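What follows is a single structure, written as structure tokens, with notes after it.
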Amino acid sequence: DAKTTQPPSMDCAEGRAANLPCNHSTISGNEYVYWYRQIHSQGPQYIIHGLKNNETNEMASLIITEDRKSSTLILPHATLRDTAVYYCIVADSWGKLQFGAGTQVVVTP
Amino acid sequence: EAQVTQNPRYLITVTGKKLTVTCSQNMNHEYMSWYRQDPGLGLRQIYYSMNVEVTDKGDVPEGYKVSRKEKRNFPLILESPSPNQTSLYFCASSFSVGTSGSGGQFFGPGTRLTVL
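Those sequence lines, one after another, are chains V and U. FYI, in my numbering the residues of the first sequence are -10 to 98. FYI, in my numbering the residues of the second sequence are 93 to 208.
As structure tokens, this is what we get:
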């Protein structure tokens, strides 16, 4: 099963872009990369996912390297409400999801 | 409103007293899953279900049971709860995961369980 590695924490200034890295060197060719975030003890919130192409939605952009061994989630204009733990996960074909430890992102004024 | 509901939201119980945490979704999702979250750790998957009558173990299934008799419901059963099952539990659902990649999971609001 593919596993992910993320930095434990990072800070970001409000209004600036936040770039969150994730390593998934053992990802299989047909596995997707998903990003979620969790604010305090609320239920995690889906952000974005991708296979090999870069993806963008109203919340964020996802950049996946050509060899698919790593990815970066980009929050283009971070706000205080983006302070959360961000999880990068790889979806196993049998439905077994493995969350990493996540990155605690703190957005400061 | 599309949602995943869990009940109860908070529960304090004693060791050995059987309990069930219910989970229901109204989005016609095939996939449902249970996670637990403990301080300092990320989410760990307990059980998941790809569809009705299909369930499989996640990373930490010991001490838990599940059933999927209907598409919308996926209850989590603790036959004989122990203090090490004190945790925050989340139920989630989606249309599918893995190779199809059709979208993300919707998570419920969580159930905070304390076993004394």
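By construction, the Cβ of each residue, glycine as well, lies at the ideal position given by its N, Cα and C atoms. On a predicted model such as this, the values are computed, not experimentally measured, just so you know.
Taking the beta carbon of glutamate 20 of chain V as the centre, do at least 16 other beta carbons fall within 10 Å, making it buried, or is it exposed? So glutamate 20 of chain V counts as buried.
### Query
Does DSSP classify aspartate 0 of chain V as helix, strand or coil?
Aspartate 0 of chain V falls in the strand class under three-state DSSP.
Residue environment, isoleucine 78 of chain V, which counts as buried when at least 16 other CB atoms sit within 10 Å
Here isoleucine 78 of chain V is buried: its Cβ has 16 or more other Cβ atoms, across all protein chains shown, within 10 Å.
Out of curiosity, what's the CA-to-CA distance linking alanine 7 of chain V and threonine 97 of chain V?
-> So the alpha carbons of these two residues sit roughly 12 Å apart.
Residues of the stretch 24 to 49 of chain V with Cβ closer than 9 Å to any Cβ of chain U, in chain order: If you check each beta-carbon in the stretch 24 to 49 of chain V against every beta-carbon of chain U, the ones closer than 9 Å belong to Trp24, Tyr25, Gln27, Ser30, Gln31, Gly32, Pro33, Gln34, Tyr35, Ile36, Ile37, His38, Gly39 and Leu40.
#### Entry: N- and C-terminal bounds of the beta strand (DSSP E) containing leucine 39 of chain V
Looking at the sequence provided, one finds glycine at residue 39 of chain V rather than leucine. Unbroken beta strand (DSSP E) run through glycine 39 of chain V: 34 to 39.
- Per DSSP, aspartate 148 of chain U forms a beta bridge with which residues? For aspartate 148 of chain U, DSSP records a beta bridge to U:Tyr140.
- Name, going along the chain, the residues of the stretch 93 to 117 of chain U whose beta-carbon falls closer than 7 Å to a beta-carbon of chain V. Legend: CB atoms of the stretch 93 to 117 of chain U lying less than 7 Å from CB atoms of chain V are not found in any residue.
Compute the beta-carbon to beta-carbon distance between isoleucine 37 of chain V and tryptophan 24 of chain V, rounded to the nearest angstrom, for a pair I have assumed lies under 8 Å. About 5 Å separates the beta carbon of isoleucine 37 of chain V from that of tryptophan 24 of chain V, a gap short enough to meet the 8 Å contact definition.
message = Could you check whether the stretch 165 to 183 of chain U touches the stretch 110 to 122 of chain U, counting it as contact only if at least three pairs of C-beta atoms, one from each stretch, sit closer than 8 Å?
response = Counting Cβ pairs under 8 Å, three or more are found: they touch.
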